[in-house]
Amino acid sequence: MTAYLLGLLVLAVADFWRLSAGIPSQFMGLSAAVIWFFVFSLHANRRRYVDRGTALALLPVILAVLAKVVTGLTVMVMGMFEEMRRFAADNGVDASDDEAFLAAMSEPGFMAAFEAHIEANEAAALEIAAAGSTPSFLAFWLMILAFAPWFAQLKRKGGRINMDQTTPSMFNPAPLAPQPDPASAPEPTEPEKVEEVAPVASEPTEGVETEAPEAEQSEPEQSETEHSAIEPSGDVEADAEATRELDAPVAEVKDAEDDQTGLSEQAEPDDAAAATDEALAPSQDEADQPAQESAETAPEAAPETSSEASPATTDPEPRKPD
């Protein structure tokens with residue numbers, strides 16, 4: 102704020118020196134344009150420093166120039182009117198009488214004669230121009246002074262600005278980006294940890310779901326192999342061995358379903374007999390006869406055991422002698 106006000110004071114002094122130094126008239130407009138440019142740059146840098154747009158920096162400069170032009174023209178017209186009264190009085194017109202003065206101004210040759218008088222009398226022309234310079238100077242700087250409190254009290258939008266990154270220059274119109282205050286910054290949250298923990302709960306369910314279809318697929322494969330193995334072939338011995346090999350797993354499954362009933366007791370001797378037959382068989386040709394005899398004797402032994410077991414179950418009481 103202090104730099105802004107000091108800048109305005111320096112530019113006002115430079116403008117006053119420009120008017121009082123007697124600069125040639127052809128350079129007066131250029132020197133005024135330079136002063137106006139520096140005034141705009143000062144306002145733009147003030148708004149850039151507080152992280153605001155620079156468009157409104159043109160507002161006080163435009164209004165001040167308009168006030169300067171309007172005030173200067175008004176004062177010059179009034180000075181020219183007074184010089185016109187003196188010119189009319191010099192030509193025998195009563196300048197104190199307004200009606201006589203207006204009648205003289207309405208004559209066609211009066212304005213042409215007055216223009217020739219101004220061109221011939223440079224001192225009168227400079228006097229008229231000097232009469233409007235001071236009021237126009239005051240009008241310009243009073244308008245700038247009216248906006249000075251607003252620009253001086255502007256506050257930053259957002260957070261803190263690092264002073265090392267600031268470039269208060271008229272050649273850098275881009276506004277500075279504010280940095281958030283560390284004290285007012287929110288604490289960081291940890292959403293990633295929650296996302297990582299969530300999939301762990303679903304791992305056991307996925308494992309159970311994947312195991313069930315595998316078990317279901319293994320059952321039809323096992324049944325297909327059983328059906329393909331039961332298909333009869335031309336060799337009796339091969340069929341007998343195949344049936345014996347299939348009897349063991351079938352018996353185990355039935356034992357589990359029947360809660361280990363008496364069928365398990367019959368399966369164990371069959372497995373032992375099959376193992377001993379294979380171990381004692383000397384060769385393929387010599388093992389044909391014992392395999393056939395064992396196949397023939399096996400059905401005969403089964404009815405005998407069943408017939409021996411049936412009287413014991415049907416006649417629990419012993420017969421009395423006659």
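The sequence shown lines up with residues 102 to 423 when you count with our numbering.
Even glycine gets a Cβ: it sits at the ideal position worked out from N, Cα and C.
All values derive from a computational prediction rather than experimental measurement.
Using 8 Å as the threshold, is the C-beta distance between residue i and residue j below it?
i	j	result
Phe-139	Ala-158	no
Val-78	Trp-137	The chain is shown from 102 up to 423; residue 78 falls before or after that span and cannot be answered.
Pro-236	Val-176	yes
Leu-106	Ala-249	yes
Gly-173	Gly-233	yes
Ala-189	Phe-202	yes
Val-114	Arg-257	no
Arg-147	Phe-215	no
Using the Cβ count rule (16 or more neighbours within 10 Å means buried), how would you classify residue i?
i	result
Leu-109	buried
Ala-160	It is worth fixing the name first, because residue 160 is Leu in this sequence and not Ala. With fewer than 16 other Cβ atoms within 10 Å, it is exposed.
Ala-217	exposed
Trp-118	exposed
Arg-149	buried
Asp-116	buried
Leu-143	buried
Ala-145	buried
Ala-133	buried
Ala-63	Since the first residue of the chain shown is 102 and the last is 423, residue 63 is not available in this structure.
Ala-205	buried
Ser-207	exposed
Asp-198	exposed
In this structure, how does DSSP classify residue i when only helix, strand and coil are distinguished?
i	result
Gln-254	coil
His-144	helix
Gly-180	helix
Gly-193	coil
Ala-231	helix
Ile-124	coil
Glu-216	helix
Ala-344	Note that residue 344 is Thr in the sequence shown, not Ala. Three-state result, Thr-344: helix.
Gly-130	helix
Asp-198	coil
Gly-223	The sequence shown places Glu at residue 223, rather than the Gly named in the question. Helix, per DSSP.
Asp-152	coil
Ser-207	coil
State the CB to CB distance for the pair residue i and residue j, rounded to an integer number of angstroms; the pair is presumed to be in contact (CB under 8 Å).
i	j	result
Leu-255	Arg-153	7 Å
Glu-184	Ala-225	6 Å
Phe-238	Leu-131	Not really, about 17 Å apart at Cβ, beyond 8 Å.
Gly-180	Ile-229	4 Å
Take every Cβ of the segment 244-252, pair it with every Cβ of the segment 162-175, and state whether three or more of those distances are shorter than 8 Å.
yes
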